[in-house]
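Trainee: Provided herewith is a single structure, encoded as structure tokens, for subsequent inquiry.
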Amino acid sequence: MALTVNRARLEHAKAKIVEKHPDFGESLLSLLERDGSQICFARWETDNRTVLRVRPSKQIADQFGITLEIPVLVATHENLQPRVLRQLEDHTELRKSPSADKDIAILIAASSRAQSYVRDRSRFSYPILVMLADKLAAKEYDDSTISSEVARLMRSINHFDHSGEIHYAADFFGRIGELKVLTDLVSTGESVGIFGLRRAGKTSLMYQVRNSLRETTNENQIESIYVQLNSITDADDFRESLVVATAQIAKRLGMHLPKKGTDMLNPDFSIRKIERTYRNEKSYREFIETEEAHRRWVTQRRWIYEINWLLDKIDRDVVIVLDEIDLANELSPDNDDESRVSSNQDLPRVPHQVSPTGSSVSVNPRSSMDARSDMNWVLQQLRGIIQIRGERGKRSLSILAAGVAATVFTRSERFSRDNQLYGFAKARFLGPMSHNEMTHMVRVLGKRSGLRLEDEALFDSLYEEYGGHPHLTRQACARVADQVDRQVAEVPYQVSLEDLQRVYESTAEGSPSDAVQQTFRSFARWYPSEARRVRHTITSGVAARPGEIPHAIDLGICHPDGRIRQRALLRWSPEYD
Numbered sequence: 087m088a089l090t091v092n093r094a095r096l097e098h099a100k101a102k103i104v105e106k107h108p109d110f111g112e113s114l115l116s117l118l119e120r121d122g123s124q125i126c127f128a129r130w131e132t133d134n135r136t137v138l139r140v141r142p143s144k145q146i147a148d149q150f151g152i153t154l155e156i157p158v159l160v161a162t163h164e165n166l167q168p169r170v171l172r173q174l175e176d177h178t179e180l181r182k183s184p185s186a187d188k189d190i191a192i193l194i195a196a197s198s199r200a201q202s203y204v205r206d207r208s209r210f211s212y213p214i215l216v217m218l219a220d221k222l223a224a225k226e227y228d229d230s231t232i233s234s235e236v237a238r239l240m241r242s243i244n245h246f247d248h249s250g251e252i253h254y255a256a257d258f259f260g261r262i263g264e265l266k267v268l269t270d271l272v273s274t275g276e277s278v279g280i281f282g283l284r285r286a287g288k289t290s291l292m293y294q295v296r297n298s299l300r301e302t303t304n305e306n307q308i309e310s311i312y313v314q315l316n317s318i319t320d321a322d323d324f325r326e327s328l329v330v331a332t333a334q335i336a337k338r339l340g341m342h343l344p345k346k347g348t349d350m351l352n353p354d355f356s357i358r359k360i361e362r363t364y365r366n367e368k369s370y371r372e373f374i375e376t377e378e379a380h381r382r383w384v385t386q387r388r389w390i391y392e393i394n395w396l397l398d399k400i401d402r403d404v405v406i407v408l409d410e411i412d413l414a415n416e417l418s419p420d421n422d423d424e425s426r427v428s429s430n431q432d433l434p435r436v437p438h439q440v441s442p443t444g445s446s447v448s449v450n451p452r453s454s455m456d457a458r459s460d461m462n463w464v465l466q467q468l469r470g471i472i473q474i475r476g477e478r479g480k481r482s483l484s485i486l487a488a489g490v491a492a493t494v495f496t497r498s499e500r501f502s503r504d505n506q507l508y509g510f511a512k513a514r515f516l517g518p519m520s521h522n523e524m525t526h527m528v529r530v531l532g533k534r535s536g537l538r539l540e541d542e543a544l545f546d547s548l549y550e551e552y553g554g555h556p557h558l559t560r561q562a563c564a565r566v567a568d569q570v571d572r573q574v575a576e577v578p579y580q581v582s583l584e585d586l587q588r589v590y591e592s593t594a595e596g597s598p599s600d601a602v603q604q605t606f607r608s609f610a611r612w613y614p615s616e617a618r619r620v621r622h623t624i625t626s627g628v629a630a631r632p633g634e635i636p637h638a639i640d641l642g643i644c645h646p647d648g649r650i651r652q653r654a655l656l657r658w659s660p661e662y663d
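So the sequence shown is numbered by the working numbering: it starts at 87 and just counts up by one.
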């Protein structure tokens, strides 16, 4: 009886879709069920939105590994906005449904902009098949099937090739233990630093911690502030960024500033700037000196009052997330002069002001090491704010930082003086993925990209080559997807060991082999003495003593017994002679 009722409801919903979309409704339903797939859920919600789920046919399940129901969103908004597409993520009957497949979705749209929206990898890191309503109405899909359309889609996108951070939990792979530990620590007000090799997934992990914090109950809700230090120009900009980010939380929570604003903030929560009025080069230089003096006084001192005042108004626990904290850290003291020079290339630069006559006016030029020291002073001030708030019984404020070198918190002396941040935050190291985590990631991304990886020897080979480093592994698989001829009729392509071997052997700039060397050079900048011992192991084949290379082991360059973990390093041992 229940089955009959459900079938009746489904047929009623399908009839409603045809009624509301007379131009393409019948063509859509016919396409979705043409190859033996079956519409198992349908709901017309508004004139512009309908949600469906399609149970894939055996052919689709066997060919693409799509065994769960395919979520389908019909969005006929003429002025389609990206937020509408978030329904694919947030709707309980679409991707959030327990019966829905997480690696494919279908969007029926009236707006041609839909195609560009779904290719925004920061929003959607899984394949979305877009079909336009006017083409459905024109019967352009009458000779097509879902399986052929999915094959074309997967052939067109390489989901391994994603260099940005992962924002959404559904597209984040592994690191379950690390995620829980970090979330638990910052939830209790602990300050933590997470340190790992370049492109090991630190930023993506911090995004997932922020997502976890958002999911806490309203009574215990924890706000987070995100600041990326490689987008900061100098220490003053760092302080201003912290104040602005805190102010934005206060604004979102409905707080209002005084009518005239504050010393640092305008009434609209933006940073207050001095009125720039000058007539000639001399007055411009005088203005620059005056402005810089005022700016230093405001940002170096008043920012502490401002951020404390804002935090009191927010009245919630807050975590400050600091990415690329190495830019506030001293280079390793046993780096030689040449490595120090090359390492300064990515440091914050003091900007030159441009005068009315077009000439460049340098304001207080400082060395790269001075810039690092200034940024480090901001961290020290931040520590003072955290400690004083704790002593006064205020709501919790803590730091979650990420970088390569843990010395910012673990070395007792830095910048030729006592390190005021020593022991301030717990230092945790982000090692490589486990074999199971890497295998799951490669399987899922292969499924989304029209690649089939079934032989366990493939996963073993990838794990031996890159030691479980997520980005290096993805980069190698991305090269395979780019190099093989994925014809529509042959999607998914069956990956072989020979395909992987061709990628391993490539030495071109930007190749995975090149990326392995770049990652090791980054490690060598911060841990030069350990890097020398690792180089000796590479060239001699003699395992290093584990006690001499603790960071190389923790970060996944070497095995716990001192042997090289990333086989790719052994392929280019002459590079380290």
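Beta carbons: idealized from backbone N, C-alpha and C, even for Gly.
For Leu291, which of Leu215, His645, Ala487 and Tyr613 has the nearest alpha-carbon?
Mentor: Numbered from its first residue, the sequence shown carries residue 291 at position 205. Closest by alpha carbon: Ala487.
Trainee: Taking just the CA atoms, how far does Ser183 sit from Thr153?
Mentor: By one-based count along the sequence shown, residue 153 stands at place 67. By one-based count along the sequence shown, residue 183 stands at place 97. So the alpha carbons of these two residues sit roughly 14 angstroms apart.
Trainee: Quick check on Cys644: buried or exposed, where buried means 16 or more other Cβ atoms within 10 Å of its Cβ?
Mentor: The residue labelled residue 644 in the question sits at position 558 within the sequence shown. By the neighbour-count rule (16 or more Cβ atoms within 10 Å), Cys644 is buried.
Trainee: Just tell me which of Arg387, Asn316 and Val577 has its CA closest to the CA of Met350.
Mentor: For this step, residue 350 is matched to residue 264 along the sequence shown. Closest by alpha carbon: Arg387.
Trainee: Spatial neighbours of Asp412 within its chain, please: CB distance less than 7 angstroms, with the 5 preceding and 5 following residues excluded, ordered by chain position.
Mentor: Indexing the sequence shown from 1 puts residue 412 at position 326. Counting only Cβ-Cβ distances below 7 angstroms, and skipping sequence neighbours, we find Gly489, Val490 and Ala491.
Trainee: In the DSSP assignment, find the unbroken alpha helix (DSSP H) run with Ser202 in it and report its ends.
Mentor: Looking up residue 202 in the sequence shown gives position 116. Ala200 to Val204 is the extent of the alpha helix (DSSP H) around Ser202.
Trainee: Using the rule of at least 16 other Cβ atoms within 10 Å of the residue's Cβ for burial, across every protein chain shown, is Asn92 buried or exposed?
Mentor: For the purposes of this step, residue 92 is taken as the residue at position 6 of the sequence shown. So Asn92 counts as exposed.
Trainee: Round the Cβ separation of Gly648 and Ala630 to the nearest angstrom and send it over; I've been treating them as touching at under 8 angstroms.
Mentor: As a first step, residue 648 must be located in the sequence shown, where it is residue number 562. As a first step, residue 630 must be located in the sequence shown, where it is residue number 544. About 4 angstroms; that satisfies the 8 angstroms criterion.
Trainee: For the candidate residues Phe258, Gln294 and Met461, whose alpha-carbon lies nearest to that of Val267?
Mentor: Position 181 of the sequence shown, counted from the start, is the residue given in the question as residue 267. The residue with the shortest Cα to Cα distance from Val267 is Gln294.
Trainee: When you compare only the Cα positions, how much space is there between Ser446 and Ser615?
Mentor: Position 360 of the sequence shown, counted from the start, is the residue given in the question as residue 446. Position 529 of the sequence shown, counted from the start, is the residue given in the question as residue 615. Because the pLDDT at Ser446 is just 38, under 50, the model does not fix this residue reliably, and the point stays unresolved.
Trainee: Report buried or exposed for Arg205, applying the criterion of at least 16 other Cβ atoms within 10 angstroms of its Cβ.
Mentor: Mapped onto the sequence shown, residue 205 falls at position 119. Under this definition Arg205 is an exposed residue.
Trainee: Leaving out the 5 sequence neighbours to the left and right, which residues in its chain are closer than 6 angstroms to Glu634 when beta-carbon positions are compared?
Mentor: Here residue 634 refers to the residue found at position 548 of the sequence shown. Excluding sequence neighbours, Glu634 sits near Arg619.
Trainee: Out of Trp389, Ser298, Phe355 and Ser242, point me to the one whose CA is closest to His342's CA.
Mentor: Translated into the one-based positions of the sequence shown, residue 342 becomes position 256. Checked all of Trp389, Ser298, Phe355 and Ser242; the closest Cα to His342 is Phe355.
Trainee: Which stretch, first to last residue, makes up the beta strand (DSSP E) that contains Thr132?
Mentor: Within the sequence shown, residue 132 is the residue found at index 46, counting from 1. Per DSSP, Thr132 belongs to the beta strand (DSSP E) from Gln124 to Thr132.
Trainee: Given that a residue counts as buried once 16 or more other Cβ atoms are within 10 Å of its Cβ, and exposed if not, what is Ser298?
Mentor: Against the sequence shown, residue 298 aligns to sequence position 212. So Ser298 ends up on the buried side.
Trainee: According to DSSP, simplified to helix, strand and coil, what is Gln604?
Mentor: Taking the first residue of the sequence shown as 1, we reach residue 604 at position 518. If DSSP states are grouped into helix, strand and coil, Gln604 belongs with the helices.
Trainee: Nearest to Ala321 by CA position, among Ala457, Ser233 and Val581, is which residue?
Mentor: In the sequence shown, the residue the question calls residue 321 occupies position 235. Comparing Cα positions, the closest option is Ala457.
Trainee: Let me know the secondary structure DSSP gives Ala491 once reduced to three states.
Mentor: To locate residue 491, count along the sequence shown from 1; it is residue 405. Reduced to three states, the DSSP call for Ala491 is coil.
Trainee: Please give the ranges of any beta strand (DSSP E) in the stretch 460-522, keeping only runs that are unbroken, at least 3 residues long and fully inside the region.
Mentor: Those beta strand (DSSP E) runs which fall completely within the stretch 460-522 and span 3+ residues are 483-489 and 512-515.
Trainee: Leaving out the 5 sequence neighbours to the left and right, which residues in its chain are closer than 6 angstroms to Met519 when beta-carbon positions are compared?
Mentor: The sequence position of residue 519 within the sequence shown is 433, counting from 1. Excluding residues within five positions, the ones whose Cβ falls inside 6 angstroms are Gly260, Gly554 and Pro556.
Trainee: Which same chain residues end up closer than 6 angstroms to Asp403 when comparing Cβ atoms and leaving out the 5 residues on each side of it in sequence?
Mentor: As a working note, residue 403 is residue 317 in the sequence shown. Cβ neighbours of Asp403 beyond the five flanking positions: Ile308, Arg481 and Ser482.
Trainee: Going by DSSP in three states, Ser310 sits in which element: helix, strand or coil?
Mentor: Along the sequence shown, read from residue 1 onward, the residue named residue 310 stands at position 224. Reduced to three states, the DSSP call for Ser310 is strand.
Trainee: Quick one: using the 10 Å Cβ neighbour count with 16 as the cut-off for buried, is Ile650 buried or exposed?
Mentor: As a first step, residue 650 is located in the sequence shown; it is residue number 564 there, counting from the start. Label assigned to Ile650: buried.
Trainee: Below 6 angstroms CB to CB, which residues in the same chain sit around Arg560 once its five sequence neighbours on both sides are set aside?
Mentor: For the purposes of this step, residue 560 is taken as the residue at position 474 of the sequence shown. Once the five neighbours on either side are set aside, the close Cβ partners of Arg560 are Phe246.
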